[in-house]
Amino acid sequence: MGITTFDIQEDFFSSSQTATGKLSILLGMDSFCYCIADRSHRIAFLRRIQGEGSELDLESISRENPYLFFPFAQTAVLLAVPKHVWVPGRLFNPAEKTAYLKHGNDLIPGTPVWAEEISDQHAHLVYPVPLAMAAWLDRHFPQAWKKHFSAALMRALSPVRKEEGPHMLAHFAEKALWVTFWDGERLQFGNSFACKELKDYLYYLLLVVHQFGLSQEHIPVYLSGGLSVKSELYGLLRTYFGRLVFAEVGGPWQLGPRLAENPRHFYNDLLAGLMADR
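Sequential numbering of the sequence shown, starting at 1, is according to the working numbering.
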């Protein structure tokens, strides 16, 4: 099924308090992450499960993670689906959702296609949801707040969008890079890329830079996700980019002492889910 790559439980965690707390789930094609925050906005529990090259067995995850099905005051699910397209609002037709995905994407017949409006960008984000994933969500989380990961992260990192002029946001996951390019508050580009080696992350960032004729030395690149300043990858990025800035999801959410051993930007993906109602 996969391996647990990150598992933190704070001393103050109590399963009896979940009814007044919040659950944030990040569901990817080969990864599953979730965290639990208590009524005082303290993150008490966090787990990351990374697959080994194939889709996760969601039924096994259900059996091995009973906290997912405790009562919560609120539940948010972010879908890290790599196949997604941005459609300008003036061109969007709900009846043509599947057609927007046909270019460069092979969809299994009957795959549900979801769309959500990104009102501040006058656009819609369209993406396919694998049948097994959609069925699992319908069965276990029919009332949960659901959104595509890319849109939720953009919303949660809204201060990044207030940067004047061209800038980029790069979120680093274990096997993927999520990139958006902005000109002021207007989104110009958004995509995700599968990365097997360190050089893949650099390659795709440079690809976006060259596609839009940007200056590697001057464009601000906001960094998010599991990237450490001590890592080989960060050192590689510093060689090619002149303005690297770590971005953090704000809000009232507090890291306990064990989670705080890592930088806050490590948890941006799950914090974006906790920010769902704000």
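We put the CB at the ideal spot given by N, CA and C, even for glycine. Please read these numbers as outputs of a predicted model, since none were measured by experiment.
Legend entry - N- and C-terminal bounds of the alpha helix (DSSP H) containing PHE32: Stepping through the sequence shown from its first residue, residue 32 is reached at position 32. Careful: PHE32 lies outside any alpha helix (DSSP H), inside the beta strand (DSSP E) at 31-37.
Inset, instruction - Classify PHE6 as helix, strand or coil using the three-state DSSP reduction. - result: Within the sequence shown, numbered from 1, the residue matching residue 6 stands at position 6. Correct three-state label for PHE6: strand.
Legend entry - Contact the segment 215-233 vs the segment 154-166: 3+ CB pairs below 8 Å: A contact exists between the segment 215-233 and the segment 154-166.
Legend entry - Touching by the beta-carbon criterion (3+ pairs, under 8 Å), the segment 173-182 and the segment 199-212: Yes, since at least three Cβ pairs between the segment 173-182 and the segment 199-212 fall closer than 8 Å, the two stretches touch.
Legend entry - Run of the beta strand (DSSP E) containing TYR354, from where it starts to where it stops: Residue 354 lies beyond the range of the chain shown here (1 to 278); nothing can be said about it.
Legend entry - CB of LEU68 within 9 Å of CB of SER62, strictly: Sequence index remark: in the sequence shown, residue 68 carries index 68 (1-based). Sequence index remark: in the sequence shown, residue 62 carries index 62 (1-based). SER62 is positioned such that its CB atom lies closer than 9 Å to that of LEU68.
Legend entry - Beta-carbon contacts of GLU96 that lie in its chain and below 8 Å, excluding the five residues immediately before and after: Walking along the sequence shown from the start, residue 96 turns up at place 96. Take GLU96, set aside five residues on each side of it, and no residue of its chain has a beta-carbon closer than 8 Å to its own.
Inset, instruction - Decide if LEU279 is buried, meaning its Cβ has at least 16 other Cβ atoms within 10 Å, or exposed. - result: Nothing about residue 279 can be read from this structure; the chain reaches only from 1 to 278.
Inset, instruction - Measure the C-alpha to C-alpha separation of ILE43 and ILE49 and round it to an integer number of angstroms. - result: In the sequence shown, the residue the question calls residue 43 occupies position 43. In the sequence shown, the residue the question calls residue 49 occupies position 49. Whole-angstrom Cα-Cα distance: 18 Å.
Legend entry - Alpha carbon of ALA247 to alpha carbon of ARG39, nearest angstrom: Against the sequence shown, residue 247 aligns to sequence position 247. Against the sequence shown, residue 39 aligns to sequence position 39. So the two alpha carbons sit approximately 25 Å from each other.
Legend entry - First and last residue of the uninterrupted alpha helix (DSSP H) at ASP200: Walking along the sequence shown from the start, residue 200 turns up at place 200. Here the alpha helix (DSSP H) through ASP200 covers 198-211.
Inset, instruction - Leaving out five residues on either side along the sequence, give the residues of the same chain with a beta carbon under 8 Å from the beta carbon of ALA19. - result: As a first step, residue 19 is located in the sequence shown; it is residue number 19 there, counting from the start. Around ALA19: PHE70, PRO71, PHE72, ALA73.
Legend entry - CA nearest to the CA of PHE32, picked from ASP11, LEU78, ILE8: Counted from its first residue, the sequence shown places residue 32 at position 32. Closest in alpha carbon position to PHE32, among ASP11, LEU78, ILE8, is LEU78.
Inset, instruction - Closer than 6 Å by C-beta to HIS124: which residues in its own chain qualify, once you throw out the five before and the five after it? Chain order, please. - result: The residue labelled residue 124 in the question sits at position 124 within the sequence shown. Exclusion of the five residues before and after HIS124 leaves VAL87, PHE92, ALA115, GLU117 as the residues of its chain whose Cβ lies within less than 6 Å of its Cβ.
Legend entry - Candidates HIS41, PHE141, GLN121, ILE108, of which the one nearest LEU27 by Cα: In the sequence shown, residue 27 corresponds to position 27, counting from 1. Nearest to LEU27 by alpha-carbon distance, out of HIS41, PHE141, GLN121, ILE108, is PHE141.
Legend entry - When SER16, GLN17, TYR234, ILE36 are compared against ILE8, the one with the closest alpha-carbon: The residue you call residue 8 lines up with position 8 of the sequence shown. Its Cα nearest to that of ILE8, the residue ILE36 stands out among SER16, GLN17, TYR234, ILE36.
Legend entry - Sub-9 Å separation of PHE189 and GLN216 beta-carbons: By one-based count along the sequence shown, residue 189 stands at place 189. By one-based count along the sequence shown, residue 216 stands at place 216. No; because the gap between Cβ atoms is not below 9 Å, this pair is not in contact.
Legend entry - Counted within 10 angstroms of its Cβ, other Cβ atoms place ILE3 as buried (16 or more) or exposed: Stepping through the sequence shown from its first residue, residue 3 is reached at position 3. Its pLDDT being 41, under 50, ILE3 is placed unreliably in this model, and the coordinates cannot settle the point.
Inset, instruction - Assuming MET275 and ILE219 form a contact by the criterion Cβ under 8 Å, report the distance between their Cβ atoms to the nearest whole angstrom. - result: Within the sequence shown, numbered from 1, the residue matching residue 275 stands at position 275. Within the sequence shown, numbered from 1, the residue matching residue 219 stands at position 219. Actually they are not in contact, since the Cβ atoms of MET275 and ILE219 sit about 26 Å apart, beyond 8 Å.
Inset, instruction - Measure the C-alpha to C-alpha separation of ASP269 and LYS22 and round it to an integer number of angstroms. - result: By one-based count along the sequence shown, residue 269 stands at place 269. By one-based count along the sequence shown, residue 22 stands at place 22. In a straight line, the C-alpha of ASP269 is about 15 Å away from that of LYS22.
Inset, instruction - Answer yes or no: do TYR267 and VAL245 have a C-beta to C-beta separation smaller than 9 Å? - result: By one-based count along the sequence shown, residue 267 stands at place 267. By one-based count along the sequence shown, residue 245 stands at place 245. For TYR267 and VAL245, no; Cβs fall outside 9 Å.
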